[in-house]
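Student: Residue numbers (my numbering): 203 to 1027.
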């Protein structure tokens, strides 16, 4: 028997065959090889000659023998497990498999289990694993079970993948189900059957059961606008013939005759021989986007109408002085082709003797932010030169940084001629006084008119500034709206609302010749930074594109901070976009959070306060920056990007926001290895209160007649609106047109529950009125309102602590909510 066993082992290659041959079996529970029974020999030969993971549990102790394929199952216990009792080898799962082994021995019947959970000890910790395996009895000559033959495989990875797939499918269905404006379809081309979900059927006006059961594609064309049908069918044919992606926008007419816009996207899948098989895709309801685009075009047309209706030449530049806009009056005056004076080419339009002087003055204004004011000779379309008055003012953001310049040119040739005449000697003037009197009167009228037009030009610059900001909101919202819709995302309500708001504000400005340069104060709130970043992850992924892999590493137990939520979101997004631009061939961008402590030494070196901070880091694997670039990175207008690719204000804006929030920002970078920008904001130790990141459903808050509001507003129209709105909301309202009038009412015995006052008023400001009223009425609530901020209630860009402010213009819902909030504090 021993010779047979040794002969069998010598004929088998492999690690375990060799280990079994050389193992010291003398003194073991199995005994020397020469004593092994034929049943063990036969089963061992079967075990060692198969590629399937196989093992033998032999004898009363279930001693373990196994093949090469089974060795990885033993893991770190291999080769120690050879010849040892199963209770030792599988001490971590013995409570599971011991009854199974005993059952085989007792019953003489094998069995198989699928996806059995086994809590196995791996790498020093217990992990739940899943297995498919079988146990079969090994019989001796007398029919007694001598051992158990085992084969099996681990299924942990497969089950994890299946669970991940199911979760992904559930998330997709949940995302699509959250909106009724996105539908999916799948066209079985060979059978001409389109299968669609309920959302798609609703959009196209098709019965849901018909869509779910499949219908010819022609069924879904019945509502397509006749003018769009041919183009749609041609695009489908092209996708079928060429395999190009299908993407079309067209109109649907419902039974009531109303029109809705939809966008459809899909791609044909083909058989190996190229035959089109299936055509799946999605459809979006884009009616709101189309309405917004129409509003944007109308707003742009109104802006052009305003600028082109003014006699002055109006122009605009980027912060670095690059000219990028002229109104029609410029081209009418100069006669040059459109675009020929963009950039720095404008200086060539001046008289050669004036060019150096004009350039020097302009550069000084760009460097200091001072108003540009100069007279020079500008080439006229006639070929000659005429004197003009050039003026420009900077437009600044809430951080005081210049974002754009708006300027005017006013033809003052006749005024200059008049000055030259006035400069002549008295004798010459006396000889010419009679014939020039009429001319002087006319010239003086023109001078006054020029001054008036200069003032109008300044106002126009302000109007153009506000229009530019509003159009930026509209364009930005529509761009994000287009991108999200193009990617199949439907969470776009905030972009539509933003664009509509911008369009409404732009429309109102066409009826006014006054604009206010608004400095928005920071509005800090308690922020859960981890929640904010988690909410931004999809926006970051979509914004950065497929070439950039986005990873978030969010620290557990992260502290709260007290900062402006919108400014922080913009800072993270700007840093992410900078990281993407530093990775032109793609790469990895990581957003990380951590609790940090800045030591006294570090704080002293960086001019900040030592203590606890929340750190937000945005890092990339891009080209990196040199030490020279890092030293200048936060300087306004400094950029390493190509002309037109960046304003050079992104990092300086982030720096200003962080500093204004009593924080710190630091750049770490190595050329060729990537960059990391770390933002430190102070930890918030107070009561977090309700989260500011979750918007509750808006509702109109109402008051009662027992609550009296004193409205103080010098503008009669605004006062009328505020008064009527508050009465509509149920409050008792007393109104006054000035601070003194309000104080007269209070001195006469009026005791309102709330003082609702404008900040900037002639005679007595809102702050002075509030201080005077509070000295007479204990517990009086005060709500300020203003069209622009002043130091009366805002300091260092942040609203004074304990001060409530409602910015103009405001809606009825905003007024109701703010009044209610102040009264209930």
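The C-beta atom is built at its ideal place from N, Cα and C for all residues, glycine as well.
Could you name the residues of the same chain whose beta carbon sits closer than 6 Å to that of residue 244, not counting the 5 residues immediately before and after it, in chain order?
Tutor: Looking up residue 244 in the chain shown gives position 42. Here the set comprises nothing.
Student: Alpha helix (DSSP H) containing residue 567: first to last residue?
Tutor: For the purposes of this step, residue 567 is identified with residue 365 of the chain shown, where counting begins at 1. 554-570 is the span of the alpha helix (DSSP H), which, as asked, contains residue 567.
Student: Taking DSSP as the reference, what is the three-state secondary structure of residue 1031?
Tutor: This structure cannot speak to residue 1031, because the chain is shown only from 203 to 1027.
Student: Using a Cβ-Cβ cutoff of less than 8 Å, which residues in the same chain neighbour residue 1017 once the five nearest sequence positions on both sides are dropped?
Tutor: Translated into positions along the chain shown, residue 1017 becomes position 815. For residue 1017, where only same-chain residues beyond five positions count, the Cβ hits under 8 Å are 924, 927, 928, 931 and 1008.
Student: With distance defined between alpha-carbon atoms, name the residue in 834, 219, 601 and 572 nearest to residue 594.
Tutor: On the chain shown, position 392 is the one that residue 594 refers to. Comparing Cα-Cα distances from residue 594 to each of 834, 219, 601 and 572, the minimum goes to 572.
Student: Sort 401, 392 and 586 by Cα distance to residue 487 and report the nearest one.
Tutor: Sequence index remark: in the chain shown, residue 487 carries index 285 (1-based). Here the closest residue by C-alpha is 401.
Student: Three-state secondary structure (DSSP) at residue 969?
Tutor: Here residue 969 refers to the residue found at position 767 when the chain shown is read from its first residue. If DSSP states are grouped into helix, strand and coil, residue 969 belongs with the helices.
Student: Taking only the alpha-carbon atoms, compute the straight-line gap between residue 257 and residue 789 and give it to the nearest angstrom.
Tutor: Numbered from its first residue, the chain shown carries residue 257 at position 55. Numbered from its first residue, the chain shown carries residue 789 at position 587. Between residue 257 and residue 789, the C-alpha separation is close to 46 Å.
Student: Helix, strand or coil for residue 518 per DSSP?
Tutor: By one-based count along the chain shown, residue 518 stands at place 316. Correct three-state label for residue 518: strand.
Student: Per the DSSP calculation, residue 783 is bridged to which residue(s)?
Tutor: Reading the chain shown from its first residue, position 581 is the one you call residue 783. According to DSSP, residue 783 bridges with nothing at all.
Student: Among 979, 973, 960 and 982, whose alpha-carbon lies nearest the alpha-carbon of residue 1012?
Tutor: Indexing the chain shown from 1 puts residue 1012 at position 810. If we check each option's Cα against that of residue 1012, 960 comes out closest.
Student: Which of the three DSSP states is assigned to residue 482 in this structure?
Tutor: As a first step, residue 482 is located in the chain shown; it is residue number 280 there, counting from the start. Strand.
Student: Only counting the same chain, and skipping five residues up and downstream in sequence, which positions put a Cβ closer than 8 Å to that of residue 303?
Tutor: Here the question's residue 303 lines up with position 101 in the chain shown. Same-chain partners within the cutoff: 259, 264, 288, 337 and 350.
Student: When the Cα atoms are used, what is the spatial distance from residue 292 to residue 795?
Tutor: As a first step, residue 292 must be located in the chain shown, where it is residue number 90. As a first step, residue 795 must be located in the chain shown, where it is residue number 593. Residue 292 and residue 795: Cα-Cα distance of roughly 42 Å.
Student: Can you tell me where the alpha helix (DSSP H) holding residue 302 begins and where it ends?
Tutor: Taking the first residue of the chain shown as position 1, residue 302 is located at position 100. 296-309 is the extent of the alpha helix (DSSP H) around residue 302.
Student: Residue 698 by DSSP, collapsed to three states: which one?
Tutor: On the chain shown, residue 698 is found 496 positions in, with the first residue counted as 1. In the structure shown, residue 698 sits in a helix (DSSP, three-state: H, G or I).
Student: Rounding to the nearest angstrom, what Cα-Cα distance links residue 621 and residue 510 in this structure?
Tutor: Translated into positions along the chain shown, residue 621 becomes position 419. Translated into positions along the chain shown, residue 510 becomes position 308. Spanning the two alpha carbons is a distance of roughly 30 Å.
Student: Would you kindly check if the distance between the Cβ of residue 820 and the Cβ of residue 860 is under 8 Å?
Tutor: Start at 1 with the first residue of the chain shown, and residue 860 comes out as number 658. Start at 1 with the first residue of the chain shown, and residue 820 comes out as number 618. No, the pair does not count as a contact, with Cβ atoms beyond the cut-off.
Student: State the start and end residues of the unbroken alpha helix (DSSP H) segment that holds residue 617.
Tutor: Along the chain shown, read from residue 1 onward, the residue named residue 617 stands at position 415. Run containing residue 617: 615-624, per the alpha helix (DSSP H) assignment.
Student: Answer with buried or exposed for residue 875, where buried requires no fewer than 16 other C-beta atoms within 10 angstroms of its C-beta.
Tutor: For the purposes of this step, residue 875 is taken as the residue at position 673 of the chain shown. Flag for residue 875 reads exposed.
Student: Might you give, ordered along the chain, the residues of its own chain that have their beta carbon closer than 7 Å to the beta carbon of residue 544, omitting 5 neighbours on each side?
Tutor: Residue numbering aside, residue 544 sits at position 342 when the chain shown is read from its first letter. Same-chain partners within the cutoff: 525 and 526.
Student: For the stretch 744-828, list the alpha helix (DSSP H) runs that are entirely contained and at least 4 residues long, ordered along the chain.
Tutor: For the stretch 744-828, whole alpha helix (DSSP H) runs of length 4 or above, ordered along the chain, are 767-783 and 802-807.
Student: Just the C-alpha distance for residue 312 and residue 305, rounded to the nearest angstrom, thanks.
Tutor: Here residue 312 refers to the residue found at position 110 when the chain shown is read from its first residue. Here residue 305 refers to the residue found at position 103 when the chain shown is read from its first residue. Straight-line Cα distance between these residues: approximately 9 Å.
Student: Who does residue 322 pair with in a DSSP beta bridge?
Tutor: Along the chain shown, one-based indexing puts residue 322 at 120. Answer by DSSP bridge pairing, in chain order: 329.
Student: Could you check whether residue 907 and residue 940 sit closer than 8 Å to each other, using their CB atoms as the reference points?
Tutor: Start at 1 with the first residue of the chain shown, and residue 940 comes out as number 738. Start at 1 with the first residue of the chain shown, and residue 907 comes out as number 705. For residue 940 and residue 907, no; Cβs fall outside 8 Å.
Student: Using only alpha-carbon positions, find the residue among 625, 520 and 856 that is nearest to residue 864.
Tutor: For the purposes of this step, residue 864 is identified with residue 662 of the chain shown, where counting begins at 1. When each option's Cα is compared against that of residue 864, the closest is 856.
Student: For residue 680, which of 766, 569, 495 and 689 has the nearest alpha-carbon?
Tutor: Along the chain shown, read from residue 1 onward, the residue named residue 680 stands at position 478. It is 495 whose Cα lies nearest to the Cα of residue 680.
Student: Give me, in chain order, the residues of the same chain whose beta-carbon lies closer than 6 Å to that of residue 852; leave out the 5 immediate sequence neighbours on both sides.
Tutor: Within the chain shown, the letter at position 650 stands for residue 852. Answer for residue 852: 776, listed in chain order.
Student: Answer with buried or exposed for residue 236, where buried requires no fewer than 16 other C-beta atoms within 10 angstroms of its C-beta.
Tutor: One-based indexing of the chain shown puts residue 236 at position 34. Exposed is the call here.
Student: Going by DSSP, what residues sit across from residue 883 in a beta bridge?
Tutor: Locating residue 883 in the chain shown gives position 681, counting from the first residue. Partner(s): 816.
Student: So for residue 463, helix, strand or coil by DSSP?
Tutor: As a first step, residue 463 is located in the chain shown; it is residue number 261 there, counting from the start. In the structure shown, residue 463 sits in a strand (DSSP, three-state: E or B).
Student: State the beta-bridge partners of residue 525 as determined by DSSP.
Tutor: Numbered from its first residue, the chain shown carries residue 525 at position 323. Residue 525 pairs with 519 and 545.
Student: Beta-carbon within less than 6 Å of residue 158's beta-carbon, same chain only, minus the 5 sequence neighbours each way: which residues are those?
Tutor: Missing from the structure shown is residue 158; the chain here goes from 203 to 1027 and no further.
Student: Taking the alpha-carbon positions, what's the residue 387 to residue 462 distance?
Tutor: Here residue 387 refers to the residue found at position 185 when the chain shown is read from its first residue. Here residue 462 refers to the residue found at position 260 when the chain shown is read from its first residue. Taking the straight line from one Cα to the other gives about 19 Å.
Student: How would you label residue 514, buried or exposed, when you count the other beta carbons within 10 angstroms and need 16 or more for buried?
Tutor: One-based indexing of the chain shown puts residue 514 at position 312. Per the 10 Å Cβ criterion, buried.
Student: If you follow the alpha helix (DSSP H) that residue 443 is part of, which residue opens it and which one closes it?
Tutor: Walking along the chain shown from the start, residue 443 turns up at place 241. Run containing residue 443: 428-444, per the alpha helix (DSSP H) assignment.
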